[in-house]
Structure formats: structure tokens, C-alpha cells
Amino acid sequence: MPLTLDELNVSEKALWEAFATGAAVDLRDSPERTVRATVLAALLLGAREVPPGSAPGVRLTGARITGDLRLTTAAITVPVLLEECDFDAEPNFDESSTRSLAFIRCRLPGFRGKLLRVDGQLRFNESTVTGCILLTRATITGELVLVSAKLVNPGDWALFAGGLTVESALFGAPNSDRPGAWPMTVEGGLRLVGARMLGGVFFDGVQIDNPGAVALQGDNMTIFGRMLCGQGFRSTGSVLMPRARVEGELSFEGAHLDGPVALSLNNTIIDDLNLRTAEPATGLVDLRHARCVLLRDAPVSWPAQIALDGFVYESIDSSPAYLAVKDRLRWLGREQDGFRPQPYEQLAVHYRRLGSDAAARHVLLAKQRIQSRERQLHQRIAGHLLNWTVGYGYRPWRAAAWLAVMLAVGTIAFSAWPPQPDGSTRKFDPLIYTLDLLLPISAFGLREDFAPVGSTRWLAYGLTAAGWLLATALIAGVTRALRRD
158 MPLTLDELNV
168 SEKALWEAFA
178 TGAAVDLRDS
188 PERTVRATVL
198 AALLLGAREV
208 PPGSAPGVRL
218 TGARITGDLR
228 LTTAAITVPV
238 LLEECDFDAE
248 PNFDESSTRS
258 LAFIRCRLPG
268 FRGKLLRVDG
278 QLRFNESTVT
288 GCILLTRATI
298 TGELVLVSAK
308 LVNPGDWALF
318 AGGLTVESAL
328 FGAPNSDRPG
338 AWPMTVEGGL
348 RLVGARMLGG
358 VFFDGVQIDN
368 PGAVALQGDN
378 MTIFGRMLCG
388 QGFRSTGSVL
398 MPRARVEGEL
408 SFEGAHLDGP
418 VALSLNNTII
428 DDLNLRTAEP
438 ATGLVDLRHA
448 RCVLLRDAPV
458 SWPAQIALDG
468 FVYESIDSSP
478 AYLAVKDRLR
488 WLGREQDGFR
498 PQPYEQLAVH
508 YRRLGSDAAA
518 RHVLLAKQRI
528 QSRERQLHQR
538 IAGHLLNWTV
548 GYGYRPWRAA
558 AWLAVMLAVG
568 TIAFSAWPPQ
578 PDGSTRKFDP
588 LIYTLDLLLP
598 ISAFGLREDF
608 APVGSTRWLA
618 YGLTAAGWLL
628 ATALIAGVTR
638 ALRRD
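What follows is the structure, given as C-alpha cells:
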């Protein structure tokens, strides 16, 4: 049955009369602050006739809204601004369409907006919501604003917004246009699985407290622009964003991350990733199979546990700008699953892009040394030989050093105890004789013309064997290095 003016209390009559022009109704100092949800719903559904040319709307401050505000499947054509209002029950806008909808400094036991369409802004500035804000597969053509809001639903989802599309930005923190505001606080988790944020996500300074559970679930999210979770952002609980796509910057600079899995970006694609957290994350940081164009990090923020297998980046911006290779290797050494070759190969690729072939060889040599320790005994022995002689092919100058040492030893020994000529009239040269012994194939013929005497025979045998080992190691090591390159 349609409402009549006789059924309305004083506050409801004031709202009814003001609706046609969108005038503000302030009940903060009124002895009668009660407005029934059915009256508000009737206005929004067109029960009040509006003169042509007027701009109707609801602007209500200080009301206590009683009963269920149920506007499911409704088509609301006027803007709604509710300030400092207390709701007995969660407003229900499931499958509705509306213009801008704002709850400013309100207290709500929850909000339902499944499949809701808002042609404008949806705002909860400075409001306290002691339940779940449900926005599953909702569409907001403007901004979703949670600046200064307090969402309280401990142990459960404070925001459940899988499949949400925000054509502008999601604000949990104030920008320069909102002086005097503060970031939102959350007791519970934020679920944004599959959400699309076409203008970015701004969570700098936001506090999310959901210990032992998930603070932010962002699987398969798509963000255009920036997603800022730094400058005091604090999550007690896991931040999970596997398979997300960030076409812009994803920043945790100055953040505090505390969870069993502090941050998961598994298989995520990011243009610019900033991991310069305020302190090392207390749980695992999972970057497996993630891809980014630019990685920004700092040793002081490296977590104790990190998963890097499959992580691909084009460049690194370190703080400090110069970071020694040995320090970067310490980063790889924190891999939670033990040694994985790909992170070393990726780091070597990075150094090659910078034109630092020496640093790339250093990284690949470290990889080979670790791999050698994990092999069977005979493989470890061969690996040690390659390491000592030619640095697995990445230190070929070592072969020259070993050759010089053996040439010096042989020259000194054969100068003191020269071999006897074996029917040859050639003049003996201890340096050339030693070199002839070291070469796998006699190049000068001195080893056939002169026979060592006494204990120098064993020296000659040792030099010949060492020459073969050195040549074999040099060929094997350089071949391996070239194949890897």
C-alpha cells in the first residue's frame, strides 16, 4: 500500500518534502531521529511525485534508520547521500542500479550490493561497518571510496568483492584532494578475486588485521595504473595476488608484511614492482614464475624466506644503487626450496644486459659450484677439478696460471737435474722440455730425445698427466660455459 503523509513522523515528513529538490535534512539535533527504511525505500522507488524540472535526491544527516532497507533489483535514478546515520540492518542493493551512493560517517551492520551497478561513486568515508560489504560482480563507473572507513568483521571477510569492476579507482587511503582524512582500518580480510580496477588501487597506510588468515586475496586481479600498498601499509595475515596483472606500479615501499605467506605474487605480471618494505617480511615472499619489467628492492628489506624459481625481470633498481655481486648472491641464497638454477641464470642475464660480463660469469660460477656439491661422488670430484683449474669455464685464465706454475717447477727441476740425451745431439732447453711434457701431443720432440733421470722421472710422468688433466678440464669447462651462454 502507498504511504500517506499521516503515516509519517516529523523526521520522515521533512525528508519527504525535501526529496523533490534534493534539499538537505539534518536530524542531529532533532528529538525525533527515526526514519523507517520503508519510507526511504519508497522515496527511492518513486513514491513521491516530483515536479518537472526539479532535481530530486536524498540528503539525510543524523538519522536512525530502522528496519530493512531492501532495494533489490531496483532502478534508482536519484543520488543518495547519508551522513552520520545508524542502520539497524544491512542495506540490501543486490542487483540494483543507482546513481552515486554515499554513506559518510555512518554505522552499518553490513552492506549488500551483489551485481549492483553504480553510475558514479560508492562511498563509505569515515563509516564503521561491523559486518561484510558484499560487492560480488558489482560495477562502479566512478570511484569506490573507503577512506577513513573502519571495516570490522574479525575472522571473516570484511569486503567480499570477487569480480568487482571499478572503472575509476579504489581508494582506501586519502589523496591530496582529501586533506584531514586517514587510511582505512580493517579487522578481517579483503577479497578481491578477479576484480578489475581500471584506475588503480590506493592502499598506502591501510591497516589490515586478520592474523593467521588472509589479509588481502587478489587472485587474477587486473589493475591499470598503480596499486600502492606502502607508506605504513600493514598486513597481519597473508597478501595473496597470484596470477594478477598490474599494468603499472605495484608498490610495497614502506610496508609491513606479516603472515605465514607474507606476500604471494606467483605467476603475476607486473610492469614496475617495488619491494622496498619498511622491514623484512616475517613470512615467505613468493615470486615464483612472476614477471616484471623493473624490480626495485633493497638488501635491508630482503625477507629471510623467498621463492624465486621462474621469476623473470628485465632490470633491477637497487638501493643503494651499487650492490656487489656477492650481496646479490646472498639474495638468491635465501631460496626457501633450496638451490634452483633458474634464479642464477636470470641474474646472469640481468648483468649481461648491463654489459657486465664479469658479474654474469661470477653468478654462473656460483651456480656451478652449488650444483657440484649436490652430485654423486665421482661427479663432485670432476666438478672440483673443473672449479680449481678453469672455474667451470668461467675462469679460463686459471689454466694459464696452473700452466705457468708447472712450467716454473719443471724448468727449475730439469735445470738442476737435466735429462740424459737419448742418442740426440740437440741442445737441451729445460723450459721447452717442460712445455713439451705438458702438451698432450709432443710439439718439440724433446721428450723423445731426452730421458729424465732419478726422481725426475716421476716429475716428468706427473707433468704429462697434469697436462692431460689441464687440457681436458679446459676443453670441458669452456665447452660447458659456451653451451650455457
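So the sequence shown is numbered by the numbering used here: it starts at 158 and just counts up by one. Backbone N, C-alpha and C fix where the C-beta goes; we use that ideal spot for every residue, glycine too.
| Asked | Found |
| --- | --- |
| In the structure shown, what three-state DSSP assignment does A539 receive? | Low per-residue confidence applies at A539: pLDDT is 47, beneath 50, and the placement is therefore not dependable, though the value from the model is reported in the following sentence. Correct three-state label for A539: helix. |
| Below 8 angstroms between beta carbons: does that hold for S253 and T230? | yes |
| Below 8 angstroms on the Cβ atoms is my guess for N431 versus E410; work out the distance and round it to an integer in Å. | 5 angstroms |
| Report, in whole angstroms, the separation of the C-beta atoms of L397 and F360, which I expect to be a contact under 8 angstroms. | With a Cβ gap of about 15 angstroms, L397 and F360 do not count as contacting. |
| Does DSSP classify M563 as helix, strand or coil? | helix |
| Thinking C-beta only, is Q364 closer than 8 angstroms to R706? | Not covered by the structure: residue 706. The range shown for the chain is 158 to 642. |
| Report the CB separation of G277 from S305 in whole angstroms; it is logged as a contact under 8 angstroms. | G277 to S305, Cβ: 20 angstroms. No contact. |
| To the nearest angstrom, how far is it from the Cα of L202 to the Cα of C289? | 25 angstroms |
| Three or more C-beta pairs under 8 angstroms: does that hold for the segment 307 to 314 against the segment 325 to 334? | no |
| Buried or exposed: where does L511 fall if 16 or more other Cβ atoms within 10 Å of its Cβ makes it buried? | exposed |
| Tell me which residue opens and which closes the beta strand (DSSP E) that A171 is part of. | Taken as a continuous stretch (DSSP letters only), A171 belongs to no beta strand (DSSP E), being part of the alpha helix (DSSP H) at V167 to F176. |
| Output needed for E492: all residues of its chain with C-beta closer than 8 angstroms, excluding positions within five of it in sequence on either side, in chain order. | I463, A464, L465, D466 and P500 |
| In its own chain, which residues sit with a C-beta less than 6 angstroms from the C-beta of R487, not counting the 5 before and 5 after it? | none |
| Looking at C-alpha atoms only, which residue of Y508, E502 and R509 is the closest neighbour of K524? | E502 |
| Which stretch, first to last residue, makes up the alpha helix (DSSP H) that contains H446? | Unbroken run through H446: none, as it is neither H nor E. |
| At the level of alpha carbons, what is the spacing between G567 and A617? | 8 angstroms |
| Taking only the alpha-carbon atoms, compute the straight-line gap between P213 and E471 and give it to the nearest angstrom. | 55 angstroms |
| Output needed for E169: all residues of its chain with C-beta closer than 6 angstroms, excluding positions within five of it in sequence on either side, in chain order. | V192 and V196 |
| Taking the alpha-carbon positions, what's the E324 to T218 distance? | 28 angstroms |
| Would you mind sorting L162 into buried or exposed? The rule is 16 or more other CB atoms within 10 Å of its CB. | exposed |
| I need the boundaries of the beta strand (DSSP E) containing L201, first residue and last residue. | That residue, L201, is in no beta strand (DSSP E); its alpha helix (DSSP H) goes A194 to L201. |
| Note down the Cα distance separating R190 from S284, rounded to an integer number of angstroms. | 18 angstroms |
| Near T298, which residues of its chain fall below 6 angstroms by C-beta distance, leaving aside the five closest residues on each side in sequence? | D276 and E324 |
| In this structure, how does DSSP classify R294 when only helix, strand and coil are distinguished? | coil |
| Mind checking whether P399 and T425 have CB atoms under 8 angstroms apart? | yes |
| Among the candidates L588, K584 and P236, whose CA atom is the shortest distance from the CA of A570? | L588 |
| Considering only C-alpha positions, which residue in the set A295, A565, T178 and D183 is nearest to G210? | T178 |
| List the residues that DSSP assigns as beta-bridge partners of K307. | T285 and T342 |
| Suppose contacts are defined by Cβ-Cβ distances below 8 angstroms. Is F468 in contact with R485 by that definition? | no |
| Which residues does DSSP pair with Y470 in a beta bridge? | C449 |
| Nearest to R269 by alpha carbon, out of R227, E436, K307 and P236? | R227 |
| In three-state DSSP terms, what is S211? | coil |
| Would A481 be called buried (16 or more neighbouring beta carbons within 10 Å of its own) or exposed? | exposed |
| Note down, in chain order, each residue of its chain lying with its Cβ closer than 6 angstroms to the Cβ of D225, except the 5 sequence neighbours on either side. | A194 and A246 |
| Under three-state DSSP, which class holds V520? | helix |
| When you compare only the Cα positions, how much space is there between A539 and L522? | The pLDDT assigned to A539 is 47, lower than 50, so where the model puts this residue is not dependable, and the model offers no usable value. |
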